[in-house]
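Note sheet for the following structure.
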Amino acid sequence: MGTVATGRAIVTDWLVLGKIVGARGLQGEVRVQSFSDFPERFEAPGERWLRSPNGLPYAVQLVRGAAVPGKTALFWVRFAHLTSREGAEAAVGQEVLVPATQRPVLRKGEFYVPDLVGCTVVEQGTGRTLGTVQAVVGGGQALLEVEDGAGYRGWIPFVEALVPLVDVEQRRVEVNLPPGLWPTP
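Just so we're aligned, residue 1 is where the sequence shown starts under my numbering, counting upward by one.
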């Protein structure tokens, strides 16, 4: 994603919090689509980072932010360096980042969805390995994209009834699938 020296440390891993999707008003405010489960990331003032497609991250100051009423995961945000509508429009498409070291501490049993990528998927009861999580596909219902060792790729709905156990520390996801959802050997 890009290595950047921040003056305090060299950052190589980033968390993508969201993406600037539009301009608002004449004073440089932007609309940000959030990818984070932590709204304070867009409401609390402080340092954030922006990155253009194929660009290196650069530090900016978030001055203020607020959730857009009636919209899920959409925020109005004011960054100090954006002072005009033209500047805000030029920022559309940039990602909002923080160093990965700034991840909030999770409670026991909680995990970050991106951490599922690379986990081994095992069928409960039989212990049969189905494959490895390649991606978590969003939308109306999240899906685990799983690939087995033979090149088969399938999708498993990420719901507790089908995915009763996630152990990110052990890099293991256990599933309980109905017949026909995954091919049998």
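Virtual Cβ for every residue (Gly too), placed ideally from N, Cα, C.
7 Å Cβ cutoff, residue i in contact with chain D
i     : result
His81 : Absent from the structure: chain D. Only one protein chain is present.
CB-CB length for residue i against residue j, believed under 8 Å
i      : j      : result
Ala80  : Gln61  : 4 Å
Asn176 : Pro164 : 6 Å
Phe42  : Gly65  : 4 Å
Gln33  : Leu74  : 6 Å
Gly127 : Gly149 : Rounded, the Cβ-Cβ distance is 16 Å, inconsistent with contact.
As assigned by DSSP and simplified to three states, the class of residue i
i      : result
Pro186 : Given that the chain is displayed from residue 1 to residue 185, the structure contains no residue 186 and the question cannot be resolved.
Met1   : Confidence at Met1 is low in this model, with a pLDDT of 47, below 50, so its placement is unreliable and no value can be given for it.
Ala150 : coil
Phe158 : coil
Arg172 : strand
Gly7   : Legend: pLDDT at Gly7 = 48, less than 50; position of this residue unreliable, value from coordinates given subsequently. Note: Gly7 maps to coil in three-state DSSP.
Gly87  : helix
Thr184 : coil
Arg128 : coil
Arg103 : coil
Phe79  : strand
Residue i and residue j closer than 7 Å at C-beta
i      : j      : result
Gly28  : Ser84  : yes
Leu15  : Val98  : yes
Arg31  : Gly18  : no
Val168 : Ile156 : no
Val113 : Val137 : no
Trp76  : Val68  : yes
Ile20  : Gln124 : no
Assigned exposure category for residue i - 16 Cβ within 10 Å defines buried
i      : result
Phe38  : exposed
Ala5   : Residue placement at Ala5 is flagged as unreliable, the pLDDT there being 48, under the threshold of 50; a coordinate-derived value is accordingly withheld.
Gly7   : Bear in mind that a pLDDT of 48 at Gly7, under 50, signals an unreliable position, so the model cannot answer this.
Val105 : exposed
Ala44  : exposed
Glu160 : exposed
Phe111 : exposed
Ala59  : exposed
Leu144 : buried
Arg153 : exposed
Val57  : For the sequence presented, residue 57 should be read as Pro rather than Val. So Pro57 counts as buried.
beta-carbon residue i near the ligand HEM non-hydrogen atom, thresh 6 Å
i     : result
Gly87 : Questions concerning the ligand HEM fall outside what the structure shown contains, since it holds no ligand whatsoever.
### Message
Below 8 Å, how does it come out for the stretch 115–122 and the stretch 164–174: are there three or more Cβ pairs, yes or no?
### Response
A contact exists between the stretch 115–122 and the stretch 164–174.
#### Entry: contact_flag[the stretch 43–52, the stretch 94–114] where n(CB pairs < 8 Å) is 3 or more
A contact exists between the stretch 43–52 and the stretch 94–114.
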